[in-house]
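Structure, as structure tokens:
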Amino acid sequence: MISLSFQYLLFLAFLFNGDPPREYTNFVLRDFDGIRYEFKTIVDSSAVTILTFWASWCEPCKKEMQELEIMRKKDFCRNVSVVAVNIDVPRGALKARKLIAENKYGFIIMHDERGEVKDKYSITVIPRAFLIDKKGVIRFDHQGFKDIKEIEKEIQSMK
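Going by my numbering, the residue at position 31 of the sequence shown is 90; the numbering climbs one at a time, nothing skipped.
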């Protein structure tokens, strides 16, 4: 006979696609203007935080950034923070800067020029977006471009 606690663990494994829930990893990075941010302070002040990793050469990343900018202006996103971490190597940073200036994103965009945060989050595919709840638990992990409507539904389920 299977014990109740084992059944509960199986349920959790199913619920989280085989991966147990995990807390985000804190980091400190600067944006392209040199302003220093500690990720923890952003998560602590938001109902939901979207953390996405992107590069200026990645077309799906650019599409996701545009859609996140549109989404963040909607009423249900009032207490949702978007943080984009650019993983371009230093020579690609100029292209990223230009893209940011052209699009005037209203969310925080940091630069991980040494790849340390990318490594902490085991980023091998971009865009890669994490949806983090107000307790700091990563509730959704998207590898590759995801339809923004699905992300909107996930955000609403977390509030």
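Beta carbons: idealized from backbone N, C-alpha and C, even for Gly.
Does the Cβ of residue i have 16 or more other Cβ atoms within 10 Å, making it buried, or fewer, making it exposed?
i: Pro186; result: buried
i: Val102; result: buried
i: Asp178; result: exposed
i: Ala160; result: exposed
i: Asp171; result: buried
i: Tyr100; result: Strictly speaking, residue 100 in this sequence is Thr, with Tyr absent from that position. Exposed, since its Cβ has fewer than 16 Cβ neighbours within 10 Å.
i: Ile214; result: buried
i: Val87; result: exposed
i: Phe199; result: buried
i: Leu153; result: exposed
Which first and last residues belong to the beta strand (DSSP E) in which residue i is found?
i: Thr183; result: From DSSP, Thr183 is part of no beta strand (DSSP E); its letter is neither H nor E.
i: Ser140; result: 139-145
What is the DSSP secondary structure of residue i, reduced to helix, strand or coil?
i: Glu98; result: With the sequence shown as reference, residue 98 is identified as Phe, and Glu is not the correct amino acid for it. Helix.
i: Val176; result: helix
i: Met60; result: Residue confidence is low: Met60 scores 46 on pLDDT, short of 50, so the model does not pin down where it sits. No coordinate-derived value is stated.
i: Ala188; result: strand
i: Arg198; result: strand
i: Asp103; result: helix
i: Asp90; result: strand
Nearest CA to the CA of residue i: which residue from the options?
i: Leu110; options: Val176, Asp206, Arg150; result: Val176
i: Lys193; options: Asp171, Lys218, Phe199; result: Lys218
i: Thr183; options: Gly151, His170, Ile146, Ile197; result: Ile146
i: Val196; options: Ala106, Ile129, Phe91, Gly174; result: Ala106
i: Val148; options: Asp200, Gly174, Leu127, Val141; result: Gly174
i: Leu127; options: Val142, Arg198, Trp116, Glu118; result: Val142
i: Cys120; options: Asp206, Val87, Ile214; result: Asp206
i: Arg81; options: Lys212, Lys208, Arg150, Phe189; result: Phe189
i: Thr108; options: Val144, Asp90, Glu118; result: Val144
Expressed to the nearest angstrom, what Euclidean distance is found between the alpha-carbon atoms of residue i and residue j?
i: Glu97; j: Ile210; result: 24 Å
i: Glu123; j: Phe204; result: 7 Å
i: Lys132; j: Ile167; result: 14 Å
i: Ala155; j: Ala114; result: 7 Å
i: Thr84; j: Gln125; result: 25 Å
i: Val139; j: Gly93; result: 23 Å
Can you tell me whether residue i sits near the ligand NAP, meaning its C-beta is under 6 Å from at least one heavy atom of the ligand?
i: Ser181; result: With respect to small molecules bound, the structure shown includes none, and the ligand NAP cannot be examined in it.
Need the endpoints of the alpha helix (DSSP H) that residue i sits in, please.
i: Arg156; result: 152-162
i: Ser115; result: Neither: Ser115 is in no alpha helix (DSSP H) and is coded neither H nor E.
i: Lys212; result: 207-217
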